Amino acid sequence: MKTTTKPSSGIFLLLVVSVLSGEVTNQSSPVLVGRTSRAGGGSGGGVVRSERQVFPGSGEACGFGQAGSLDLCDWAHSNLSSLHFALSSGLNANWLGGPPEDGSDDKEGGYVVFETSQIPNISGRTSQSAVLEGPLLSPSMADGSCLSFKYALDGLSPEKLRVLLHPVTHPPGGRYIFDGTSLSRENEHAADVVLWETRDSTDGVWRTAEVVYTSPHPHQIYLEGIPRDGAQLTRRFRGYIAIDSVMLKTATTCPGHCNFDGGFCDWTNEREDDDFDWKLGRGSQNPSTGPVMDRASYTHGGNSGGYAYISSEFPRRSGDRARISSREFSSTKGDEPLCMRFWTHMFGNGIGTLRVLLHDVESGEERAAWQLSGEAGNAWYQGQVPISSFTSFKILFEGEVGRNNLGDIAIDDISFSPGPCPSAPQTAAGLSGDCTFEIDECGWANVAGRTDEMDWERRLGSNARTPISDHTLGAATGNFMTLSGVSVQRAGDRAWMMSPVINGSSKPKCLSFWYHMYEPFIDSGGPSLGGLKVYTVAAPGSSVQNDIGSFHPPVMTPIWRLYNQQAPVWKYAQARIMEQELFQVVFEGVSGSSRANGFVAIDDIAFFEGDCTTVPMSGYVNAGECSFEKDLCTWRNTSSDRSFRWEMATITRRPANLPDKTFGAPVGYVYFDIFSQTQSPPVRLVSAMPSTGDRVCFSFWYAAFGNGETTQLRVLVGEGSSSNQKEPSAGDSAAEGGRQVWKLTAAHLNTARPEWKPAQVALDGSRPLTIILEGMASNGGFAVDDISFHPGDCAGFQRANMYFLARRNLWIAKRHLTLVLARPSDERGRQINKQKEEEEEAEGLSGQEEEEEEDSTPIAKFESAETVLRDRFMAKWVGKRSSLGKSSAPKSPVFSFNEVDARMIEKKIEAESRRSLGLLGRALGPKILSRRMAYRQAKPTRALPVNVKKVRPGLFVTYHNLMAQDCVDKIIGSWPAEDHHTTVSENVRPSRPRLEDSSSTN
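According to mature numbering (1 follows the signal peptide of the UniProt record, and there is no 0), the stretch in the sequence shown is residues -22 to -1, 1 to 980, in order.
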């Protein structure tokens, strides 16, 4: 907690932001005494406020109205600055800024918002913030008041949001009478108290804050939004601070919060499992131990306030314990832990131990979340600890008596806020892994030996290559961890920082931290800052590590990663950990190319219980992911022959001088390059993909080089782990070597000047899979980089796929229909045609000309239908008309996707075929009927035989069924053995229909 300072110029600067409303009816809460007119209170001049009596505590929140009838309730704009909060709603979010919905998820609901990129008109005003002034409130009772509100911060320009308490002894613009006592006027703000603040962006998501306070004086609540300094580049970028649902209520309605001024709030002394009770106090009676005053008075001055403490005087003995317990809390969600903050005073040479325990209500088990022992000096210090639980729980403060009677321990001002925080002070965190890096590294250390090329180092923000504030203090005097910059590093050089040993659990844990990844200048080669990765590894002494043996390196499991520039501000991250044995966490910093000029930093590491999701989602990582900077990660070659295998690119050996995709460096990818006069065996790279429980999008980047006619790359998928998967061989079927899910030949790629192109395919992650990258070539090869997995289906390339797949099917239909109609399928049919032609010639008709004219009509109508269908797909999925001719091949390769998508596309093509190819059916119908009639005239007494033309193995088209729509339906379900117009994967091929019911089977 801090107080604002009075500027030397005599003009005060407010340092707080928050919201308050007030309609109350409880004696223990402050009374709203009214407000007179204030000049300059609003954006348009003076604001006249009613002097009605309002009683905070009624439970009514100020929601700032609805669109069309927005209202500030009893709040007013401060005249200290030309910057103001504005009334708005979600309807104006893209126009004026702010969240798309208010705090109750109503798009038309009102809220106040401060656009932080605006530059103030500083004429006569020095404040760089926007301030809302609350109504004048009477002194609170000892129980205190609770201010609750919702807030949202987003963008690069917000600095912080704060709540300020402003004591009033003379009301502005008039005189107020309290209990017959006249108040003298005072405009000074030096006594303003910061009750609450946050600097963390919520990414536009509404969060709830609660602030409990007491005041012996009439007072106002100020809500202040502070933008970044005008000299910072980020100030120019749009951002906002929004506030909604402000409510002033009794302190007892905010569970867990307590300042002990009016009692223990909802905390109670335990009746069992301890030896004595906590007490309430205002000041120690022994100058050798205990606090002189409560924390608020110690920090801000004054003579009001109390605290809770344990007394170590007689008859207490060393080891006696006193426990105070909170009310029962509901279980926390995986992504919604709490941060509990409190103040403690531990003075005296007989100080024992203070602990924070979490008590599982269901099982009765307890675990220590925070612990501090020994004397800490005659001062109040703030402590904090992350709170989370899978079940309902209680929080306990346990004080233990030390070696003598000079061991009083006191606590004060307990509060809760959403989100995790590292345990503090660092000495109380122990070896939990939590760290703010303000004092030291908390047991985190660089890995010894030659396993990496760089080190992590602890730095002040003022000493970093790009001066920034740390996250903990928000000041340049704070510390964080960053990659060392003592020398120029090569792209791909790594620095490993390892945590102390952490206990595993059968329940998932969550790692949270803040990262800063910024590259001020990016050249034409693209971002090249580097990367940040997080792994877990079995710790020495665990059964996993013992099974591996001392002569093998431990297996590192990736849990999070990001590459290159993210933002010029601190960003929040979290990753799920599932380790049942002892484990350690490794932060890996990866250097980009030599032209990198930014830096990578981390701060405020915390661990908490919870089945959390990955934040940000782009940080999601699977065990098979690899950028190939230094090794193959979990991928392995299936061949030991160096002439026929995947290789890491090196400075002296890399195809076509191809740069790395990740950082643009000369090395950092894998490739195969085969030159063989005979048929070479395929080269395979294999890795296991553990089960994720849902669909996964497997993506990578590829580049082709050499002779493209013989060069191909396939992705095969097998069941189970790679150790149990049968090795596939050349020409293998999917059942033997894995099911093909993606395939590409380089026939239509620019292999002379290879470029990196993306590819992706959706996989079923409900069970463990083996993924195989298979390459074949006689003079050339493929390079692959940045293999990654993302939760959910692939969506990036399906729109283009649908057009190319539709065009492919139309081309096939056209080819097969032409074959069927070109000639009869048996000798008898040819005789019938010859006889018909002779009869026509005898009648003096030009059969040849008539045949040509008749044939031209279906082809023309087919081309028209093809154009309609092509344009329809292009307009809907690609957004522009296609200029491809009927014989043109697709200009870019087709990317594969899953079987569900294939069935959807098949249905869509079938529907489009029925509509757009109706012209073709009407054109072909007369021709087919004329041939049937010719046959009947030749043999009128015999049944029509089944003259069959074999279009493809398994698909037969008869003259009986060769009506246009049936023909198209069946032919769309067929595929030729070879098709050089494009390449698609096996899993997108529509299934083959059965003649008897025209249905599809796999």
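Glycine included, C-beta positions come from ideal geometry on N, C-alpha and C. This structure is a prediction, so every number in the text was calculated from the model and none was measured.
Q. Mind checking G250: buried by the 16 CB within 10 Å criterion, or exposed?
A. Going by the sequence as given, residue 250 is Glu instead of Gly. Label assigned to E250: exposed.
Q.
Whole angstroms are fine: how far does the CA of R216 sit from the CA of F683?
A. Whole-angstrom Cα-Cα distance: 45 angstroms.
Q | Proximity to F650 [Cα-Cα], best of K138, N72, F622 | A | If we check each option's Cα against that of F650, F622 comes out closest.
(Q) Starting from H278, trace the alpha helix (DSSP H) in both directions and tell me its first and last residue. (A) Segment 273 to 278, the alpha helix (DSSP H) holding H278.
Q) So what does Q738 bridge to, in DSSP terms? A) Looking at the DSSP assignment, Q738 forms a beta bridge with S677.
**Q.** Nonlocal neighbours in the same chain, by C-beta distance under 8 angstroms from A517, ignoring five residues either side
**A.** Around A517: V479, I480, Q523, E559, L560, F561, Q562.
Q.
Suppose the cutoff is 6 angstroms on Cβ atoms and the five residues either side in sequence are ignored; what does the same chain contact list for M271 look like?
A. So the qualifying residues of the chain are G261.
Q: Could you pull out every residue in the same chain whose Cβ sits closer than 6 angstroms to the Cβ of C590, ignoring the five residues on either side in sequence?
A: G312, D313, C488, Q552, R554.
Q | One or two residues paired with L173 in a DSSP bridge | A | Bridge partners of L173: none, in fact.
Q: Using alpha carbons as the reference points, say which of K721, V645, N441 lies closest to R468.
A: Considering only alpha carbons, the answer is V645.
Q: With DSSP as the reference, please indicate the residues paired to T670 in a beta bridge.
A: Per DSSP, none; premise fails for T670.
Q: May I ask which residues mark the beginning and end of the alpha helix (DSSP H) holding W348?
A: Here W348 belongs to no alpha helix (DSSP H); instead the beta strand (DSSP E) covers 344 to 351.
(Q) Going by the DSSP bridge assignment, what does K227 pair with across the sheet? (A) K227 pairs with C124.
Q: Quick one: grab the DSSP three-state call for L211.
A: Correct three-state label for L211: helix.
Q) What is the DSSP secondary structure of L384, reduced to helix, strand or coil? A) Note: L384 maps to coil in three-state DSSP.
Q. Contact between the region 369 to 379 and the region 279 to 297: three or more CB pairs below 8 angstroms?
A. Touching, per the Cβ criterion.
Q | Other residues of its chain near E603: CB distance less than 8 angstroms, five sequence neighbours each side excluded | A | Within the same chain, E603 has close Cβ partners P536, R539, C611, I765, S766, F767.
Q: For N72, name the three-state secondary structure that DSSP assigns.
A: Collapsing the DSSP output to three states places N72 in a helix.
Q. Does the region 390 to 402 touch the region 412 to 429, meaning 3 or more C-beta pairs lie closer than 8 angstroms?
A. Yes, since at least three Cβ pairs between the region 412 to 429 and the region 390 to 402 fall closer than 8 angstroms, the two stretches touch.
**Q.** DSSP-derived helix/strand/coil call for Q360
**A.** Strand.
(Q) Within 10 Å of its beta-carbon, does S21 have 16 or more other beta-carbons around it, so buried, or fewer, so exposed? (A) Reliability of the predicted coordinates at S21 is poor, the pLDDT of 36 falling under 50, and no value is obtained from them.
**Q.** Sequence-distant residues of the same chain with beta carbon closer than 7 angstroms to G698, five excluded per side
**A.** Answer for G698: P746, T748, listed in chain order.
Q) So does the region 316 to 324 actually touch the region 357 to 369, counting three or more Cβ pairs closer than 8 angstroms? A) Contact holds: three or more Cβ-Cβ distances are below 8 angstroms.
Q) Would you report the Cα separation of D582 and L350, rounded to the nearest angstrom? A) Distance between the alpha carbons of D582 and L350: 19 angstroms.
Q.
Can you give me the C-alpha to C-alpha distance between R140 and N441, rounded to a whole angstrom?
A. About 28 angstroms.
**Q.** For F127 and S596, the rounded distance between their alpha carbons
**A.** Taking the straight line from one Cα to the other gives about 31 angstroms.
Q | Three-pair Cβ contact test at 8 angstroms for the region 655 to 673 versus the region 725 to 734 | A | The region 655 to 673 vs the region 725 to 734: no contact.
**Q.** Backbone CA spacing between E79 and L69 [nearest angstrom]
**A.** Cα-Cα distance, rounded: 8 angstroms.
**Q.** Alpha-carbon spacing of G241 relative to W422, whole angstroms
**A.** Rounded to the nearest angstrom, the two C-alpha atoms are 41 angstroms apart.
Q: Would you mind working out which of D471, L409, L461, L438 sits nearest T429, comparing C-alpha positions?
A: Nearest of D471, L409, L461, L438 to T429, Cα basis: D471.
Q: Would you list the residues sitting across from T267 in a DSSP beta bridge?
A: Answer is none; T267 lacks a bridge partner.
Q: Could you pull out every unbroken beta strand (DSSP E) segment of at least 3 residues lying fully inside the region 574 to 602, listed in chain order?
A: As summarised for the region 574 to 602, the continuous beta strand (DSSP E) elements at least 3 residues long and confined to that stretch are 577 to 587, given in chain order.
Q. Hey, how far is the Cα of T405 from the Cα of A354?
A. Cα-Cα distance, rounded: 11 angstroms.
Q) Cβ atoms of Y680 and A737: under 8 angstroms apart, would you say? A) Taking 8 angstroms as the Cβ cut-off, A737 and Y680 qualify as a contacting pair.
Q. Leaving out the 5 sequence neighbours to the left and right, which residues in its chain are closer than 6 angstroms to L799 when beta-carbon positions are compared?
A. Residue placement at L799 is flagged as unreliable, the pLDDT there being 45, under the threshold of 50; the coordinate-derived value follows with that caveat. Hits under 6 angstroms: none found.
(Q) Rounded to whole angstroms, what is the Cα-Cα separation between C51 and R177? (A) Approximately 26 angstroms between the Cα atoms of the pair.
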